[in-house]
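Asker: Before anything else, here's the structure in question.
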Amino acid sequence: SQFHKRAECVVPLVTPPFALIDCTPESFIYACMTLGGLRTGVNGEVLTPDGTEIPGLYAVGRTAALFCGRGYAGSGISLADGTYFGRRAGRALAGMRS
11 SQFHKRAECV VPLVTPPFAL IDCTPESFIY ACMTLGGLRT GVNGEVLTPD
61 GTEIPGLYAV GRTAALFCGR GYAGSGISLA DGTYFGRRAG RALAGMRS
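Heads up: the sequence shown begins at 11 in the numbering used here, then just goes up one per residue.
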């Protein structure tokens, strides 16, 4: 729970070979993007670690998406994420108006 992961997903890495991602600014191509990190509901509602909705806070696109398989698939995927989930979030927000 310290890392907000299920126990079976947090295991020590003791057997080589090992791999890593170089996140230094000189070599990390994702330094200008967020690529995930925000947990959301089906309409883009940002959720706290315990799953509670944060009222009025929405995230779409790569802010709410994870890495794509073995590498970044390209800008078309980002546009699709932003368009599809942005529309869902927009509709949810429009329904909140009084």
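Cβ coordinates follow ideal geometry from the N, Cα and C atoms, glycine included.
From a predicted model like this one, the values you see are computed outputs, not experimental measurements.
Look up residue 55 in the DSSP assignment and give the residues it is bridged to.
Answerer: Per DSSP, 68.
Asker: Residue 108 by DSSP, collapsed to three states: which one?
Answerer: Any reading at residue 108 needs caution, since the residue's pLDDT is 47, under 50, leaving its predicted position unreliable; the model's value is listed next. If DSSP states are grouped into helix, strand and coil, residue 108 belongs with coil.
Asker: Relative to the C-alpha of residue 90, which residue among 105, 73, 104 is closest?
Answerer: Per the Cα distances, 73.
Asker: Using a 10 Å radius around the Cβ and a threshold of 16 neighbouring Cβ atoms, would you call residue 122 buried or exposed?
Answerer: Nothing can be reported for residue 122, as the shown portion of the chain is limited to 11 through 108.
Asker: With a threshold of 8 Å on Cβ separation, who are the neighbours of residue 52 within its own chain once the five nearest residues in sequence on each side are excluded?
Answerer: The answer, listed in chain order, is 98.
Asker: Cα separation between residue 71 and residue 21?
Answerer: Going from the Cα of residue 71 to the Cα of residue 21 covers about 30 Å.
Asker: Mark residue 95 as exposed unless 16 or more other C-beta atoms lie within 10 angstroms of its C-beta, in which case mark it buried.
Answerer: Buried.
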